[in-house]
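Input: a single structure, listed below in structure tokens.
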Amino acid sequence: MATVEVPYQETVPLHHPKTWLGKYVFSQDHKVIAIQYGVTAMAVGLVALFLSELMRIQLAFPGAMPWFTADMYYQSITMHGMIMVIYLLTAFLLGAFGNFCIPLMCGARDMAFPFVNMLSYWVYLISVILLLLSYVVPGGPTGAGWTLYPPQTITAGTPGDDWGIAMMLISLAVFIAAFTMGGLNYITTILQARTRGMTLMRMPLTVWGIFIATFLGLIAFPALFVSAVMMLLDKFLGTSFFMPAIVSLGKSLDYSGGQPLLFQHLFWFFGHPEVYIVALPAFGVISDLISVHARKNIFGYRMMVWAIVAIGILSLVVWAHHMYVAGMHPYFGFFFATTTLIIAVPTALKVYNWLLTLWRANIRLTVPMLWALAFVLTFIVGGITGLFLGNVIIDIPLSDTYFVVAHFHMVMGVSPIFAIFGGIYHWYPKLSGRMLNDKIGLLHFYITFIGTYLIYFPMHYLGFIGTPRRYYETGVTEVTGFYPQSAHDLNVFITCVALFVGVSQLLFVYNLIVSLKKGKKAGDNPWGANSLEWRTPDTPPGHGNWGERLPTVHRWAYDFGVSHGDQDHIPQDVPKQKSN
Amino acid sequence: MRVALLILAVVVGSVIFNFTTPFHLGQIASNWGLIDVTIWITFVLCGLAFIILGILMAWWIYTYQYQPGQLAEYEPEDPVLEGRLTILTTIGVVVMLAPGLIAWNDYIAVPEDAIELEVFSEQWTWSFRLPGEDGIFGYAHNKNIDIIANPMGIRDDDPYAQDDLVIETNIVKVPVDKKIKVLLRSKDVLHDFWVPEIRAKMDSVPGMVTYFWFEPTRTGVFEILCAELCGSSHHAMRGEMHIVTREEYQLWLDDQITWAERKAGVVPLTPVQQLGQTVARDNGCFACHNTTGAAGTPGPTWKGMWGTEVELDDGSIVTRDEAYVRESITNPGAKLVKGFSNTMLQLSDDVTTEDIDALIEYLKTTTPAVE
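Here the protein sequences come in this chain order: B and Z.
Just so you know, numbering that gives the first Met the number 0 puts 494 at position 495 of the first sequence, and the rest follows in order with no gaps.
Just so you know, numbering that gives the first Met the number 0 puts 13 at position 14 of the second sequence, and the rest follows in order with no gaps.
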């Protein structure tokens, strides 16, 4: 076989920690860092969940919480959105899954730069702390919406226009530094530290998803970084990058000649790839979960890889579909509507291939598989509503309504969260050596899947009647009746479901904690999977992951449905000639 | 098994909900029926895709459940099938995109015979301007804004400006069956002028003039919403658009005043009143109060306030005379207007009694005698 020896990884002297602190806190082991990322992201995610419940209560029962002012509502939408998109989803899918999966799945001993990897987590933690500290600065956090559109972001009339926005922008800049350290590590590790025989086209799709997502992040995040810096300059040094001459609440400001649309372009040049930074790792995880638990090879592996690459490239040229009503040149509408609908083709192919993988499979309905199936259905709904909003003329009536809220929660809220849940249920046995409790897992799954569907599916229809998003209260309108009492009743229903689903997430937290000690012993490969992380000599894998020698890869990760002794699958490191 | 039935239930339930829910696009009131058609085409195609994919998924999960000893079919890929699916999806996308782009082409091409209407947005209200008899707007820029004398920033000496009709209220009337080009300006932050029944919407961006056009097709009263987050009272930034017959429109037009008339009607401030205005400005009063009648601000508007009765939060009625206003300035929490909370700060010690006297003189001017 024409594989090259990889002496570097084989002999790399790992820096084994000698103290408790070095092993569990300032650890350079990618698995510990993955857990740190995961726990931090989930903790801050619970904050975002709590904020969303406050908003839902306000929408359904205005006045029920007299202390919850409009300012607090707008601060909540901002913090909820930013936390979910950046500090939870990006951090979890890349920071936790990326860290855990890349070295194990590629057959490496650790990340290429373990120290930088550790630094990446600690800098991320600082960004989270800075973000949460904005609750204690004068004026509280910014209430400009997670899109942070100027001028309102930095003018009076928006909560947190002073300290709050500064904290937000600085926190984002720090996060981007953390992401860059992590991202360079992921790419270098994938390109340089794969074990013998692990060609790119043998990599599990999880690694492919994370790989392309990281590329996107490294291209897109700098746009957010510069816009954060420019906005800080506008706010504190009086430049006018984004600020035209305006009269803010009766006061003429000293700005002149700036262009608010410039910020929107920069923001969405980051913001749209960001959707795929979250989606691509989720695609990868789901592909692997479906294949493993359906006991069948993923259908059309090459197509799946090229679809990920194509989506990644196309995602860089669709950003202005978020700006159809922003006042940019109308001809842009033709271009961005076309590119946006083109991206639907590779995305649809991925969905077809997931479904075709189920065809004539031997499906085990394990908890991770249920999450994966729920992901596919949710993603179909979120994807096709994207075809509405991507088509410029349809976006005109639907933009800034609850249709958009429902769409993006389905496609980039609920779906990636399902992928995260699926991934956790799938990899927890490898991470901890124990299985998560199935009964609690099933309960958690059914509540969350049915619940989120009941929340978001009817919400599209609130958008059709024209309910505007980001409204502290809609108020049943008597003038024209576009928002009738029945729509408000629907809002009450949605809130009740949301509260129930929100509280039910504690089941998951409970399961994670209790199973750590009391879970069933997992063994090395409880799911009968093929990829390398299930082939480590120890479970959980020790520092350095592998024994004396790194594994050698002889095949792709999807040899399911083939007999191998008494098993129906052949792991990646089993040589070809020994099998059939 | 259970999950297969659940997925089937989700698909069936979604279809039933779709056909029984009253929540669909409201009855359209403009020429943009093509938008509704495009939505309908997309809805049908996407709906079918959702139903087919959902049923296949439920069916296959049900049929191919795990059986020990069973082997799944080994089929790495099928380029022919994948190619066909690609082509099918591409056709679907083209069918949805084509009418969308055709409609967009109409949407951005404003007919020459459209009449123009300027929508001026600010935190958190709307006002309007019409070009007047010459059909041409006078030049306007935020730098020209004086919140009392020139709230829209119209250039004083522009000959085209003199006959512009200025409508300083959040209610506007438009004639039915007449093409209207809406020009959008903003005084402060992003806003978005939106009437759901018209379908069209567009952000207003400070420093730019944005536009869209529509033709009202039925008369009625419609709610104007702000569709772009614009600060604390975004949700309260409402207005009304009345689509009326041409006769009624003409009567309404006759009632509006021109820029020249408005200027003539504005009594210049006396030095004392000017001092009062400066006091108001320097002490940040305009952060919460205004003279434009905008709703949703943290403090009550000053426009039309002087001498009128108002209900307090304890239900009593008080006349806003000099004694009341003076007390409200010096002791903000003493008597609160119903619906407002006591967030007003005490004036700093630098503000002298003369300053407060001047401020009161200025406040009197915010209630025009003509109204």
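Note that beta-carbon positions come from the ideal geometry of N, C-alpha and C, so glycine has one too.
On a predicted model such as this, the values are computed, not experimentally measured, just so you know.
task: Pick helix, strand or coil for Z:D156, following the three-state DSSP scheme.
output: In this structure, Z:D156 counts as coil in the three-state DSSP scheme.
field: Where Z:F211 sits in the DSSP three-state scheme
entry: In the structure shown, Z:F211 sits in a strand (DSSP, three-state: E or B).
message: Could you compute how far the alpha carbon of Z:H241 sits from the alpha carbon of Z:T218?
response: When rounded, the separation of the alpha-carbon atoms in Z:H241 and Z:T218 is 7 Å.
task: Output the boundary residues of the alpha helix (DSSP H) element that contains B:Q151.
output: Per DSSP, B:Q151 belongs to no alpha helix (DSSP H) and is neither H nor E.
message: For a contact defined as C-beta to C-beta under 7 Å, what are the partners of Z:I60 on chain B?
response: Ordered by position in chain B, the residues that pass the 7 Å Cβ test against Z:I60 are L357, I362 and L372.
message: If I measure Cβ to Cβ from Z:I144 and keep anything under 6 Å in the same chain, skipping five residues before and after, which residues do I get?
response: Answer for Z:I144: G152, listed in chain order.
- request: State the Cα-Cα distance for the pair Z:I146 and Z:T296, rounded to the nearest angstrom.
  value: Using only the alpha carbons, I get a separation of about 16 Å.
- prompt: Given B:V413, which residues of its chain have a CB within under 7 Å of its CB, disregarding the five upstream and five downstream residues?
  reply: Once the five neighbours on either side are set aside, the close Cβ partners of B:V413 are T377, T451 and Y455.
query: In or out: B:Y427 buried (at least 16 other Cβ within 10 Å) or exposed?
result: Flag for B:Y427 reads buried.
Three-state class that DSSP yields for B:W121 in the structure shown: Note: B:W121 maps to helix in three-state DSSP.
query: Does the distance from the C-beta atom of B:V324 to that of B:G208 stay below 8 Å?
result: No, the pair does not count as a contact, with Cβ atoms beyond the cut-off.
message: Looking only at its chain, what residues have a beta carbon closer than 6 Å to the beta carbon of B:V380, apart from the 5 residues adjacent to it on each side?
response: Same-chain partners within the cutoff: M409.
field: Interfacial residues, the segment 510-530 of chain B to chain Z, with Cβ spacing under 7 Å
entry: Using a CB distance below 7 Å, no part of the segment 510-530 of chain B faces chain Z.
query: Among B:S75, B:L248, B:L87 and B:L93, which residue has its Cα nearest to the Cα of B:A42?
result: Answer by Cα proximity: B:L87.
field: Terminal residues of the alpha helix (DSSP H) in which B:H487 lies
entry: Run containing B:H487: Q484 to K517, per the alpha helix (DSSP H) assignment.
For B:A521, the three-state DSSP class (helix, strand or coil): DSSP, reduced to helix, strand and coil, places B:A521 outside both helices and strands of the structure shown, so it counts as coil.
query: Mapping DSSP to helix, strand and coil, what is B:T39?
result: B:T39 carries a helical assignment under DSSP once its states are collapsed to helix, strand and coil.
- request: Taking only runs that begin and end inside the segment 297-330 of chain Z, name each unbroken alpha helix (DSSP H) of 4 or more residues, in chain order.
  value: 321-329, all fully within the segment 297-330 of chain Z.
- prompt: Are the segment 123-139 of chain Z and the segment 360-379 of chain B in contact at 8 Å, needing three or more beta carbon pairs?
  reply: No, they do not touch.
message: Looking only at its chain, what residues have a beta carbon closer than 6 Å to the beta carbon of B:I125, apart from the 5 residues adjacent to it on each side?
response: Contacts found: V173.
message: Taking only three categories from DSSP, how would you classify Z:Q66?
response: It is coil, neither helix nor strand.
query: When the Cβ atoms of the segment 209-218 of chain Z are set against those of the segment 23-38 of chain Z, are three or more pairs found closer than 8 Å?
result: The segment 209-218 of chain Z makes contact with the segment 23-38 of chain Z; the number of CB pairs closer than 8 Å reaches 3 or more.
query: Identify the residues that DSSP records as bridge partners of Z:F221: which are they?
result: Paired residues: Z:M240.
- prompt: In its own chain, which residues sit with a C-beta less than 6 Å from the C-beta of Z:G238, not counting the 5 before and 5 after it?
  reply: Around Z:G238: W125, N169 and I223.
query: Cβ atoms of Z:G338 and Z:R319: under 8 Å apart, would you say?
result: Taking C-beta atoms as the reference points, Z:R319 and Z:G338 fail to come closer than 8 Å.
task: Could you tell me which uninterrupted alpha helix (DSSP H) segments, each at least 4 residues in length, are contained entirely in the segment 149-225 of chain B, listed from first to last along the chain?
output: Contiguous alpha helix (DSSP H) elements confined to the segment 149-225 of chain B occur at 162-191, taking only those with 4 or more residues.
- prompt: Using 8 Å as the limit for Cβ to Cβ distance, is Z:N289 near chain B?
  reply: Look at Z:N289: its C-beta is under 8 Å from a C-beta on chain B.
message: Give me, in chain order, the residues of the same chain whose beta-carbon lies closer than 6 Å to that of B:L288; leave out the 5 immediate sequence neighbours on both sides.
response: Once the five neighbours on either side are set aside, the close Cβ partners of B:L288 are P367, A371, G421 and H425.
query: Can you give the beta carbon distance from B:L199 to B:A293, rounded, assuming they're within the 8 Å contact cut?
result: So it is not a contact: roughly 24 Å between Cβ atoms.
- prompt: In the DSSP assignment, what are the bridge partners of B:R433?
  reply: Its beta-bridge partners are B:K520.
task: Could you say which of Z:P331, Z:V204, Z:F221 and Z:G298 lies nearest to Z:G25 if we only look at CA atoms?
output: Among Z:P331, Z:V204, Z:F221 and Z:G298, the Cα nearest to that of Z:G25 belongs to Z:F221.
message: Tell me which residue opens and which closes the beta strand (DSSP E) that B:G560 is part of.
response: Note, B:G560: beta strand (DSSP E), F559 to H563.
query: Is Z:H190 helix, strand or coil when you go by DSSP?
result: Judged by DSSP in its simplified three-state form, Z:H190 adopts strand.
- request: Express the C-alpha separation of B:I392 and B:Q57 in angstroms, rounding to a whole number.
  value: B:Q57 and B:I392: Cα-Cα distance of roughly 32 Å.
- request: Quickly, what does DSSP pair Z:S126 with across the bridge? List them, please.
  value: The secondary-structure analysis by DSSP pairs Z:S126 across a beta bridge with Z:F119.
task: Check each candidate in B:P149, B:L354 and B:G474 and name the one with the smallest Cα separation from B:P247.
output: Note on residue identity: the sequence assigns Ser, not Pro, to residue 247 of chain B. Closest option to B:S247, Cα to Cα, is B:P149.
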